[in-house]
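Enquirer: Chains as they are written, first to last, in the numbering used here: chain A, 10 to 522; chain B, 10 to 522. Virtual Cβ for every residue (Gly too), placed ideally from N, Cα, C. Can you read through this structure? Questions will come right after.
There are 2 protein chains.
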Amino acid sequence: MTDHATHRRSGGRAARQAARAIAHAQTIPFLTRTLKPFEVLGEEGLSLIEHNADTILEEVGIEFRGDPAALSLLRDAGADVQGELVRFPRGMCRRIVQASAPREFVQHARNPERSVRIGGNATVFAPAYGSPFVRDLDNGRRYGTIEDFRNFVKLAYASPYLHHSGGTVCEPVDLPVNKRHLEMVDAHLRYSDKPFMGSVTAPSRAQDTVEMARIVFGADYLEDHAVILSLANASSPLVWDASMLGAARNYALANQATLITPFILAGAMAPVTAAGACAQTLAEALAGMAFVQLVRPGAPVVFGSFASSISMQSGAPTFGTPEPALILYAMAALARRLGVPFRSGGSLCASKVPDAQAAYESAATLQPTVLAGVNFVLHAAGWLEGGLAMGYEKFVLDADQCGMMGVFVDGMDLSENGQALDAIRENGPGQHFLGTAHTLANFETAFYRSELADNNSFEQWFEDGSLDAAQRANAIWKRMLAEYEQPPLDPGVDEALREFVARRKASEPDSDV
Amino acid sequence: MTDHATHRRSGGRAARQAARAIAHAQTIPFLTRTLKPFEVLGEEGLSLIEHNADTILEEVGIEFRGDPAALSLLRDAGADVQGELVRFPRGMCRRIVQASAPREFVQHARNPERSVRIGGNATVFAPAYGSPFVRDLDNGRRYGTIEDFRNFVKLAYASPYLHHSGGTVCEPVDLPVNKRHLEMVDAHLRYSDKPFMGSVTAPSRAQDTVEMARIVFGADYLEDHAVILSLANASSPLVWDASMLGAARNYALANQATLITPFILAGAMAPVTAAGACAQTLAEALAGMAFVQLVRPGAPVVFGSFASSISMQSGAPTFGTPEPALILYAMAALARRLGVPFRSGGSLCASKVPDAQAAYESAATLQPTVLAGVNFVLHAAGWLEGGLAMGYEKFVLDADQCGMMGVFVDGMDLSENGQALDAIRENGPGQHFLGTAHTLANFETAFYRSELADNNSFEQWFEDGSLDAAQRANAIWKRMLAEYEQPPLDPGVDEALREFVARRKASEPDSDV
Numbered sequence: 010m011t012d013h014a015t016h017r018r019s020g021g022r023a024a025r026q027a028a029r030a031i032a033h034a035q036t037i038p039f040l041t042r043t044l045k046p047f048e049v050l051g052e053e054g055l056s057l058i059e060h061n062a063d064t065i066l067e068e069v070g071i072e073f074r075g076d077p078a079a080l081s082l083l084r085d086a087g088a089d090v091q092g093e094l095v096r097f098p099r100g101m102c103r104r105i106v107q108a109s110a111p112r113e114f115v116q117h118a119r120n121p122e123r124s125v126r127i128g129g130n131a132t133v134f135a136p137a138y139g140s141p142f143v144r145d146l147d148n149g150r151r152y153g154t155i156e157d158f159r160n161f162v163k164l165a166y167a168s169p170y171l172h173h174s175g176g177t178v179c180e181p182v183d184l185p186v187n188k189r190h191l192e193m194v195d196a197h198l199r200y201s202d203k204p205f206m207g208s209v210t211a212p213s214r215a216q217d218t219v220e221m222a223r224i225v226f227g228a229d230y231l232e233d234h235a236v237i238l239s240l241a242n243a244s245s246p247l248v249w250d251a252s253m254l255g256a257a258r259n260y261a262l263a264n265q266a267t268l269i270t271p272f273i274l275a276g277a278m279a280p281v282t283a284a285g286a287c288a289q290t291l292a293e294a295l296a297g298m299a300f301v302q303l304v305r306p307g308a309p310v311v312f313g314s315f316a317s318s319i320s321m322q323s324g325a326p327t328f329g330t331p332e333p334a335l336i337l338y339a340m341a342a343l344a345r346r347l348g349v350p351f352r353s354g355g356s357l358c359a360s361k362v363p364d365a366q367a368a369y370e371s372a373a374t375l376q377p378t379v380l381a382g383v384n385f386v387l388h389a390a391g392w393l394e395g396g397l398a399m400g401y402e403k404f405v406l407d408a409d410q411c412g413m414m415g416v417f418v419d420g421m422d423l424s425e426n427g428q429a430l431d432a433i434r435e436n437g438p439g440q441h442f443l444g445t446a447h448t449l450a451n452f453e454t455a456f457y458r459s460e461l462a463d464n465n466s467f468e469q470w471f472e473d474g475s476l477d478a479a480q481r482a483n484a485i486w487k488r489m490l491a492e493y494e495q496p497p498l499d500p501g502v503d504e505a506l507r508e509f510v511a512r513r514k515a516s517e518p519d520s521d522v
Numbered sequence: 010m011t012d013h014a015t016h017r018r019s020g021g022r023a024a025r026q027a028a029r030a031i032a033h034a035q036t037i038p039f040l041t042r043t044l045k046p047f048e049v050l051g052e053e054g055l056s057l058i059e060h061n062a063d064t065i066l067e068e069v070g071i072e073f074r075g076d077p078a079a080l081s082l083l084r085d086a087g088a089d090v091q092g093e094l095v096r097f098p099r100g101m102c103r104r105i106v107q108a109s110a111p112r113e114f115v116q117h118a119r120n121p122e123r124s125v126r127i128g129g130n131a132t133v134f135a136p137a138y139g140s141p142f143v144r145d146l147d148n149g150r151r152y153g154t155i156e157d158f159r160n161f162v163k164l165a166y167a168s169p170y171l172h173h174s175g176g177t178v179c180e181p182v183d184l185p186v187n188k189r190h191l192e193m194v195d196a197h198l199r200y201s202d203k204p205f206m207g208s209v210t211a212p213s214r215a216q217d218t219v220e221m222a223r224i225v226f227g228a229d230y231l232e233d234h235a236v237i238l239s240l241a242n243a244s245s246p247l248v249w250d251a252s253m254l255g256a257a258r259n260y261a262l263a264n265q266a267t268l269i270t271p272f273i274l275a276g277a278m279a280p281v282t283a284a285g286a287c288a289q290t291l292a293e294a295l296a297g298m299a300f301v302q303l304v305r306p307g308a309p310v311v312f313g314s315f316a317s318s319i320s321m322q323s324g325a326p327t328f329g330t331p332e333p334a335l336i337l338y339a340m341a342a343l344a345r346r347l348g349v350p351f352r353s354g355g356s357l358c359a360s361k362v363p364d365a366q367a368a369y370e371s372a373a374t375l376q377p378t379v380l381a382g383v384n385f386v387l388h389a390a391g392w393l394e395g396g397l398a399m400g401y402e403k404f405v406l407d408a409d410q411c412g413m414m415g416v417f418v419d420g421m422d423l424s425e426n427g428q429a430l431d432a433i434r435e436n437g438p439g440q441h442f443l444g445t446a447h448t449l450a451n452f453e454t455a456f457y458r459s460e461l462a463d464n465n466s467f468e469q470w471f472e473d474g475s476l477d478a479a480q481r482a483n484a485i486w487k488r489m490l491a492e493y494e495q496p497p498l499d500p501g502v503d504e505a506l507r508e509f510v511a512r513r514k515a516s517e518p519d520s521d522v
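Here is the structure:
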C-alpha cells in the first residue's frame, strides 16, 4: 500500500500527511482494488484527447463567471484573460495541478476507523446526491424532507457497503433553502461517523460547513487533515460560475477537498460524440483543479466526471447506455495519467422505479465504475429517475451490488486453500463437494451472500409471497432503520453543534434562494 | 480481421476453410470486439491453474463412462486407462487439442448473411437453453410447449441483437421426449435462418440433427462446413458420460461443432474456491476436447465453462455473485492461451421474475462475458430462475442489453468527427450543443437507442400508465411475434424436412426417456 500512499511534495507537512495516511489506511473501510483497470484507449488515443483538451483550453477557453478574484489569480499564473474568458497556454493547467495536487489523500471521519483513502487503488462508495424527491413502495414519490435526509444518513451509516455518508442525500424541501445546509451537515455529523460532504450552494454555506467541522474535529485539525469533501460542478460547456468557485475557494483555503466535476450530458453540454465529450471534460476539470491549486497549493482535489447521454428523440437524459461507459473508462485513464484521484460513475438510471430497467442501467454504470478504477463513487446507492428521486428500495438494491464489488476487486485467491487441489484429489470423479472438509472449512467466507437475492426454489418463493426484489428491499430498509443505533457524540460537541446551528438560523430570515 | 481468421493447419482444406471464413466474415452479423479483454490473473496465476489442471488429469483422472470405444481411443493416444478412469500424462490433452482444433471457425447459417464466426475477437449471442418452464406476465409460469419453443425461435430471429437461434430454447414438454428433437430442429430450420444447435440427449438424436441439416444444406456441404453447434456438458466433477460422448462423437464424425462444457456450481460439482473450480474446469474441458480431436482431428470444438456459485445456507445455485465473474475472466484467458474458441456467460439469474434482482444478476454475468471476450454466449437472453424458466419479458430485456454490448465493443471513435473539436470551437462557453451542425450530423448514430427503456419525465411516464420495464417488454414481444415473417424456405427442402420428421416419428413409439 505504501507505493500508493504518497504525495508529490516531499518533506515537512506533506511527509507527515503521508505518514498519517498510511497509518490510517490499514484500518479504514474502503475497497482496495487488486486488479488492473480496464482500458478502452491506448497511449495514442489518450494522448490525442489530452492534446485536444489543451487545444480547447488554449483556443476556446473557459469562462470564470462573476469571480474577479479568480480572474486575477489565473492572469497572474500566466493565463490570457479577456473579460471573463480565460485561455490557457498549452500545458499550463496540467503543470499547476501536477506541481501541488496530492496524488491521493485521506478524508478523515470523526470515527478514525471510518476514514477513507481517496486515490490510488482505493475505491469509496457514497450515496446518491441531490434529489428533490424520494420514493418508497409505501408512499410512492414525494418531495424529500429532513426526516428522509436523516433516514438516508442512517441507512448509509448502517450499510457495511457504503463507506461514506455523502452530501445532499436528498433535498430537505421542508426547510428554507438558505438553512438546509445547517441541518444537513448536522445530520451527517450527528447520525453517522462516516466521512461526509459539505455545502456548495453558496460560499457562505461552505464556510458554515467548515465551521461545523471545526466544532467536531477541532479548528487546528482541519489545517492538515481533509475532513470535508465537496462537490463543485462546472456549468458545462466551458463555464465555472461564481457560487461553485466561491465554495471551492473556501474549502481550499481551509485545506479541505473538492470534487471538480464537469457535468456532461453529451449532445447537450458537450459534443454528441464520446471523444469530444472526453476532451471537453478534461479541459474543464483541468481549469477547475488549476484554480483550486492556485488558491491553495496542495489542497486536495479530485478530478470528477459525470457524463451521460441523451435521447436523440426527446433530449431527455439517458443512463446505462454504452457510450457513457466508454467515456468513464477513458476519463479514469486520463486521471491516472494526470496523477490525481478520480470521481465518476455510480448506480445511475433513468427509471422511475426500482425495476429491471433501473438495475440494468445502474449495473451498466457501476460495473465500469469499478473496473475503471474510480476512486470516489458518488451516487453509488439510491439513484432513480436521472437523479430526481432518491429511492429507499433502490438504496438497498444498490448497496448489495456495492457489497459484491468489494469481493470482486479482491481478485482470485491463489493460495493453497484457494487452489483446492487436495479437495479434488480426495473427492475424485463423480463425488460432490458439498460435505467435504475443504467446503466446510471455507463455509464462512465462500461466496458473497446477498441478503436481498432470493435463491430459493420457485415453490418456496411462491410460498413466501412471490415477492420481487423491491418488495424484499422494502422490508430490509425498514429493519435497518428500526435497528439503527446512533454513534456516540461527545456531549460538548453535540451542544456546540446545536448552538451553532441555532445561531446561524437566527442570523437571517428564511429564504428560498 | 485476417489475423484472427486463421486455422492452425495450413494448405488444402484448412486454407479453403479459412478463405471462406474471411469471405463470410465481412457480412455476417456478430460482434467484433475492438477492446482488449479484462484480465484478473497474470501469467503466473494462469500458469498455476494450467499446472493444476495437468495435475488433476495426471493424478486424479477423468471417468469416461459407458463408452468403451472412447476408452480405446484414449488408450491408443497414450492415456493410462484403468476401468473407466482415464489418466493423462502431463500436457497430453493440450498437445492433442493444439495439434488440430481450429482456433476459430464459421458456423454457417442457411442464410449465408447470418453465418457467424466463432473464436478470435468475435462474440455471438444465442438465447437461453434448456428450461422446462416458460414465464410471461399474462400466464405466469407453466411448462413449455412446442408453441413456446417456436415463439422463442421467432423472437431470436426477429431480434437484431441475437445472432443465433440457439438450441433447446425451452423444453417442448407437450411432446414425447424421444421425438422432441425432431420438432425442435425443424423449428430452428423452418422459422429462422440463423445458425442453430443440435440435439445431444442421445447419439441417435444427434444423428437425426445431422440428417436434417444435410437435407437443408446438402450432404456434401457438411463435410467441410460447420452448420451445427451442439452443447456437450460434462457430468462434473471429472466425468464424461456416454450420451454426451456419443453425441459429441457423432457431430465430430460429421465435422460439426461441439461446445465442450464442464457445468460447475462451485461448492457442489467443484471446490468452493474460484482457483479450484478453474483448474477442474480446465481439466474436464481439455479431456473432452482431446476426445473430440481424436475422433476427428480438426472438427471444431469450443471450450465451454458454465460456472456459478451456491448458497452456503441452502445449497441452491446462485447467480450474479462476484466469484463466478472472476472464474469467467480467468477461464476466458485460459482458452485464449490454449488457442480455441470460448463459450461462457450469458444473462444468468436466480430470480423467478424479471425484476431488479434478475437484471442485476444478469448484468453481473453479461458484462464480464463481454469484457472477458467470450466467443459464444449461450443463455444471452431469456434466462430466469437458474435456467428453470424461459421468460418472454426477460428475453426482451436481455436482448436490449445485448444490443448495448454491440455498441460498447466497438470502442471509442477517434475520427475527426468523433473528436468534435470544431463543434466545441464553434459553440464556445455556455452554448448548448443540441442544435449544432455536429449534433445534427450525428443524430442517426449517436447513442444506443433502447426501445425498452423509459427516459421520459416522471409526469409523462405516469400519464403513460406507470409501466415498469417488464410491462413494456410484454408489449414488445407480442408486437415482435405479431410482425414476425417466416424466412423463405425452398419448397423441396420444406417437403423433405416434413417427410423426414414424419418418418422418424413413425419409426418408434412415443417414449418419455
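#1: Can you tell me the Cα-Cα spacing of B:G297 and B:E402, whole angstroms?
#2: In three-state terms, what does DSSP make of A:A110?
#3: Any C-beta of chain A within less than 7 Å: which residues of the region 468-493 of chain B qualify?
#4: Can you list, in chain order, the residues of the region 138-156 of chain A whose Cβ is nearer than 9 Å to any Cβ on chain B?
#5: What does A:S109 reach in chain B if we use C-beta pairs closer than 9 Å?
#6: Suppose you measure from the CA of A:E232 to the CA of A:S314; what does that come to, to the nearest Å?
#7: With H, G and I counted as helix, E and B as strand and the rest as coil, what does DSSP make of A:Q116?
#8: Out of B:L238, B:L498, B:R223, B:S371, point me to the one whose CA is closest to B:D409's CA.
#9: Answer yes or no: does any C-beta atom of chain A fall closer than 8 Å to that of B:H33?
#10: Along the alpha helix (DSSP H) that carries B:Y200, what are the first and last residues, could you check?
#11: Please classify B:P306: is it buried, with 16 or more other beta-carbons within 10 angstroms of its beta-carbon, or exposed?
#12: Within a Cβ cutoff of 6 Å, which residues of the same chain sit near B:S168, ignoring the five residues on either side of it in sequence?
#13: Decide if B:V236 is buried, meaning its Cβ has at least 16 other Cβ atoms within 10 Å, or exposed.
#14: Do we get a CB-CB distance below 8 Å when we pair A:M340 with the residues of chain B?
#15: Give every residue of the same chain whose Cβ lies closer than 8 Å to the Cβ of A:S174, excluding the five residues on either side of it in the sequence, and list them in chain order.
#16: Taking DSSP as the reference, what is the three-state secondary structure of A:E460?
#17: Measure the C-alpha to C-alpha separation of A:L490 and A:R159 and round it to an integer number of angstroms.
#18: How many Å lie between B:S320 and B:S356 at the Cα?
#19: Please compile the residues from chain B whose C-beta is within a distance smaller than 8 Å of the C-beta of A:H197.
#20: Can the beta-carbon of B:A367 be found less than 8 Å from the beta-carbon of B:I58?
#21: At the level of alpha carbons, what is the spacing between B:E48 and A:G420?
#22: Using a Cβ cut-off of 8 Å, pull out every chain B residue sitting near A:D463, in sequence order please.
#23: Could you please tell me which residues of the region 421-447 of chain B, in chain order, have their CB closer than 9 Å to any CB of chain A?
#24: Counting Cβ pairs, one atom from each stretch, are 3 or more of them under 8 Å apart for the region 85-102 of chain B and the region 325-332 of chain B?
#25: Three-state secondary structure (DSSP) at A:F205?
#26: Could you work out which residue in B:P363, B:I273, B:T64, B:S244 is closest to A:A462 when comparing CA atoms only?
#27: So, helix, strand or coil for A:P326, using DSSP?
#28: The alpha helix (DSSP H) that contains A:Y152, what's its start and end?
#29: Could you pull the DSSP bridge partners for A:M3 from this structure?
#30: Taking the alpha helix (DSSP H) that A:S520 falls in, what are its first and last residues?
#31: Output, in chain order, the set of chain A residues within a Cβ distance shorter than 7 Å of B:I273.
#32: Do you know whose CA, among B:L66, B:V502, B:F404, B:N384, lies nearest B:W392's CA?
#33: Within its chain, find whatever has a CB closer than 8 Å to the CB of B:Q265; leave out the 5 residues flanking it on each side and keep chain order.
#34: Going by C-alpha distance, which of A:E192, A:G139, A:D147 is nearest A:E156?
#35: What number of angstroms, rounded off, separates the C-alpha of A:L476 from the C-alpha of A:W486?
Expert: For this structure:
#1: Indexing the second sequence from 1 puts residue 297 of chain B at position 288. Indexing the second sequence from 1 puts residue 402 of chain B at position 393. Approximately 36 Å, taken between the alpha carbons.
#2: Numbered from its first residue, the first sequence carries residue 110 of chain A at position 101. A:A110 falls in the coil class under three-state DSSP.
#3: W470, D477, A478, A479
#4: F142, R150
#5: Within the first sequence, the letter at position 100 stands for residue 109 of chain A. In chain order: nothing, as chain B lies at least about 26 Å away.
#6: What you label residue 232 of chain A is simply residue 223 of the first sequence in a count that begins at 1. What you label residue 314 of chain A is simply residue 305 of the first sequence in a count that begins at 1. Roughly 27 Å separates the two Cα atoms.
#7: For the purposes of this step, residue 116 of chain A is taken as residue 107 along the first sequence, with counting starting at 1. It is a strand residue.
#8: As a position in the second sequence, residue 409 of chain B is number 400, starting the count at 1. The candidate whose alpha carbon is nearest that of B:D409 is B:S371.
#9: Working through the second sequence from its first residue, we reach residue 33 of chain B at position 24. Low local confidence applies: a pLDDT of 35 at B:H33 is under 50, so the model's placement there is unreliable, with the coordinate-based value given in what follows. No, its Cβ sits nowhere closer than 8 Å to a Cβ of chain A.
#10: One-based indexing of the second sequence puts residue 200 of chain B at position 191. From DSSP, the alpha helix (DSSP H) with B:Y200 extends over 186-200.
#11: Position 297 of the second sequence, counting from 1, holds the residue named residue 306 of chain B. Burial call: exposed.
#12: Reading the second sequence from its first residue, position 159 is the one you call residue 168 of chain B. Result list for B:S168: A408, in chain order.
#13: The residue labelled residue 236 of chain B in the question sits at position 227 within the second sequence. When all chains shown are included, B:V236 counts as buried.
#14: The count along the first sequence starts at 1 and reaches residue 340 of chain A at position 331. False, the Cβ-Cβ gap to chain B never drops below 8 Å.
#15: Within the first sequence, the letter at position 165 stands for residue 174 of chain A. So the list reads A135, P136, V162, A165, Y166, H197, S201, K203, P204, F205, M206, once near-sequence residues are dropped.
#16: In the first sequence, the residue the question calls residue 460 of chain A occupies position 451. The answer is coil: DSSP assigns A:E460 none of H, G, I, E or B.
#17: Counted from its first residue, the first sequence places residue 490 of chain A at position 481. Counted from its first residue, the first sequence places residue 159 of chain A at position 150. Whole-angstrom Cα-Cα distance: 10 Å.
#18: Taking the first residue of the second sequence as 1, we reach residue 320 of chain B at position 311. Taking the first residue of the second sequence as 1, we reach residue 356 of chain B at position 347. The alpha-carbon atoms of B:S320 and B:S356 are separated by roughly 19 Å.
#19: By 1-based counting over the first sequence, the position of residue 197 of chain A is 188. Ordered by position in chain B, no residue passes the 8 Å Cβ test against A:H197, which lies about 28 Å from the chain.
#20: Reading the second sequence from its first residue, position 358 is the one you call residue 367 of chain B. Reading the second sequence from its first residue, position 49 is the one you call residue 58 of chain B. No, the pair does not count as a contact, with Cβ atoms beyond the cut-off.
#21: Here residue 48 of chain B refers to the residue found at position 39 of the second sequence. Here residue 420 of chain A refers to the residue found at position 411 of the first sequence. Going from the Cα of B:E48 to the Cα of A:G420 covers about 10 Å.
#22: Within the first sequence, the letter at position 454 stands for residue 463 of chain A. Result: A359, S360, K361, Q366.
#23: M421, D422, L423, S424, N426, G427, Q428, A429, L430, A432, I433, R434, N436, G437, P438, G439, Q440, H441, F442, L443, T445, H447
#24: no
#25: For the purposes of this step, residue 205 of chain A is identified with residue 196 of the first sequence, where counting begins at 1. Looking at A:F205 - three-state DSSP - the assignment turns out to be strand.
#26: The residue you call residue 462 of chain A lines up with position 453 of the first sequence. Here the closest residue by C-alpha is B:P363.
#27: The residue you call residue 326 of chain A lines up with position 317 of the first sequence. Note: A:P326 maps to strand in three-state DSSP.
#28: On the first sequence, position 143 is the one that residue 152 of chain A refers to. First-last for A:Y152: 149-152, but that is the beta strand (DSSP E), not the alpha helix (DSSP H).
#29: Any property of residue 3 of chain A remains undetermined from this structure, which presents chain A solely from 10 to 522.
#30: Numbered from 1 along the first sequence, position 511 holds the residue referred to as residue 520 of chain A. First-last for A:S520: undefined, no H or E at that position.
#31: Taking the first residue of the second sequence as 1, we reach residue 273 of chain B at position 264. By Cβ distance, chain A contributes nothing, its closest Cβ being about 10 Å from B:I273, past 7 Å.
#32: For the purposes of this step, residue 392 of chain B is identified with residue 383 of the second sequence, where counting begins at 1. If we check each option's Cα against that of B:W392, B:F404 comes out closest.
#33: In the second sequence, residue 265 of chain B corresponds to position 256, counting from 1. G207, V219, A222, L231, A235, V236, I237, L238, S239, A308, P309, listed in sequence order.
#34: As a working mapping, residue 156 of chain A is identified with position 147 in the first sequence. Of the listed residues, the one whose Cα sits closest to A:E156 is A:E192.
#35: Working through the first sequence from its first residue, we reach residue 476 of chain A at position 467. Working through the first sequence from its first residue, we reach residue 486 of chain A at position 477. C-alpha separation (whole angstroms): 15 Å.
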